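Asker: Pasting in a structure now, in structure tokens, and then I'll have a few things to ask.
Numbering (our numbering), first residue to last: 95 to 474.
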């Protein structure tokens, strides 16, 4: 199927979803301002995200929630003011978009003026978050996430006096180096009285093993997310186990390691790895299988092989916000007190950034590859 026909199928599906409005229910008015075209990668990705949003609307329709949908194809060079002047978004309850930073200010102004919620679904940092109480930012800056990861990992299941951090220098000169993260980790340990040792993957066996505490849990962190460097360290950890079976350790990985999961699962489990992330794609989850089959049926193509999957991202965000609005109305802010649903791929949990500002997603998880080969998702 060509992209043009796929877009037609998408719009046909949207029209079908808008029929059969639930009796006695006021429809939630939804605006979408994203690049929905076949001109480049942005368009292809946002089309898939939008299809996931349509799937969410379909699911909510089965629950008696009705939706009125207004969609605009907003390219990178679009005149966003002219789009907003058309007036069909004026009464929106919620707007999803934009994708591009330069379009945020104008849409935020409409959001504040009309009191409608505005969801920025992808990686945009904006000062508008500080002065628009209706704005929701899903994206988390890596630097903010690093702080949360360090705190949660060191407090995972033990007191600071019962653990020791081991930072392994991998001698990595590529873009996979993580010097900022390990610098933050050392500062956190100093501040909180957690002991740490620094060693090198090229150390002799005797020196490498000596870095490990015999009577504490050793929390192993590498200063690289590179796959080859990861395997080098895993080989050294195998040696540690052989030299002293009583030594205990856990390994903190990086989100990039999710790319290697399919062929490193055994290694992850053997080394008790915790991978921090804001999402997790589980191919054998019945909900994922059902959605991907549904996607093939409607659009005659497979979903894009991206992490996270865009269609599931669209579903999770769409269902979360629209279900939340249907339950709590204008008071919905997505905090821990307002229960909505279990996400398929990307949990959402928002915290307000200031008394006059909007809300930022604060959810993170550890994907724990246990020694018994079981997979555990630990949400915060």
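By construction, the Cβ of each residue, glycine as well, lies at the ideal position given by its N, Cα and C atoms.
Here the structure is a predicted model, which is why all the values come from computation and not from measurement.
Locate the beta strand (DSSP E) running through residue 263, then write down its first and last residues.
Answerer: 257 to 263 is the span of the beta strand (DSSP E), which, as asked, contains residue 263.
Asker: I need the straight-line Cα distance from residue 259 to residue 292, nearest angstrom please.
Answerer: Residue 259 and residue 292: Cα-Cα distance of roughly 9 Å.
Asker: Identify the residues that DSSP records as bridge partners of residue 454: which are they?
Answerer: Beta-bridge pairing links residue 454 to 231, 445.
Asker: Locate the alpha helix (DSSP H) running through residue 331, then write down its first and last residues.
Answerer: Where residue 331 is concerned, the enclosing alpha helix (DSSP H) stretches over 321 to 337.
Asker: Residues in its own chain within less than 8 Å of residue 444 by CB, not counting five upstream and five downstream?
Answerer: Closer than 8 Å at the Cβ level, and outside the excluded window around residue 444, lie 230, 427, 428, 429, 453, 454, 455, 456.
Asker: By Cβ distance, which residues of its chain are closer than 8 Å to residue 471, with the 5 residues on each side in sequence left out?
Answerer: Correct list, in chain order: 374, 459, 460, 461, 462.
Asker: Reducing DSSP to helix, strand and coil, say where residue 427 ends up.
Answerer: Looking at residue 427 - three-state DSSP - the assignment turns out to be coil, as it is neither helix nor strand.
Asker: Return yes when the Cβ of residue 270 is within less than 7 Å of the Cβ of residue 319, no when it is not.
Answerer: Cβ atoms of residue 319 and residue 270: closer than 7 Å.
Asker: DSSP puts residue 361 in a beta bridge; with which residues?
Answerer: Bridge partners of residue 361: none, in fact.
Asker: Does DSSP put residue 403 in a helix, in a strand, or in coil?
Answerer: It is coil, neither helix nor strand.
Asker: Do residue 276 and residue 262 have their C-beta atoms within less than 7 Å of each other?
Answerer: Going by C-beta atoms, residue 276 is not nearer than 7 Å to residue 262.
Asker: Does residue 324 pass the burial test, meaning 16 or more other C-beta atoms within 10 Å, or should it be called exposed?
Answerer: Looking at its Cβ environment, which holds 16 or more other Cβ atoms inside 10 Å, residue 324 is buried.
Asker: How many Å lie between residue 163 and residue 406 at the Cα?
Answerer: Approximately 19 Å between the Cα atoms of the pair.
Asker: Contact between the segment 209 to 219 and the segment 181 to 199: three or more CB pairs below 8 Å?
Answerer: The segment 209 to 219 vs the segment 181 to 199: in contact.
Asker: Which residue from 317, 434, 243, 423 puts its Cα closest to that of residue 372?
Answerer: Ranking 317, 434, 243, 423 by Cα distance to residue 372 puts 243 first.
Asker: Whole angstroms are fine: how far does the CA of residue 341 sit from the CA of residue 418?
Answerer: So the two alpha carbons sit approximately 47 Å from each other.
Asker: Can you tell me which of the three DSSP states residue 372 falls into?
Answerer: Reduced to three states, the DSSP call for residue 372 is coil.
Asker: Taking only runs of the alpha helix (DSSP H) that begin and end inside the segment 273 to 297, which ones reach a length of at least 4 residues, in chain order?
Answerer: The segment 273 to 297 contains these whole alpha helix (DSSP H) runs: 273 to 286.
Asker: What would DSSP say about residue 209, mapped onto helix, strand or coil?
Answerer: Coil, per DSSP.
Asker: Name the two residues that bound the continuous alpha helix (DSSP H) containing residue 141.
Answerer: Residues 135 to 156.
Asker: Tell me the start and end of each unbroken alpha helix (DSSP H) in the segment 170 to 222 that is at least 4 residues and wholly inside, in chain order.
Answerer: Fully enclosed alpha helix (DSSP H) runs of 4 or longer: 174 to 178, 198 to 208.
Asker: Roughly how far, in whole angstroms, is the beta-carbon of residue 205 from the beta-carbon of residue 189, given that I think they are within contact range, below 8 Å?
Answerer: That belief holds up - the Cβ atoms of residue 205 and residue 189 are roughly 7 Å apart, short of 8 Å.
Asker: Using only the heavy atoms of the ligand MG, determine whether one of them is closer than 6 Å to the beta carbon of residue 229.
Answerer: Ligands displayed in this structure: none; no statement on the ligand MG is therefore possible.
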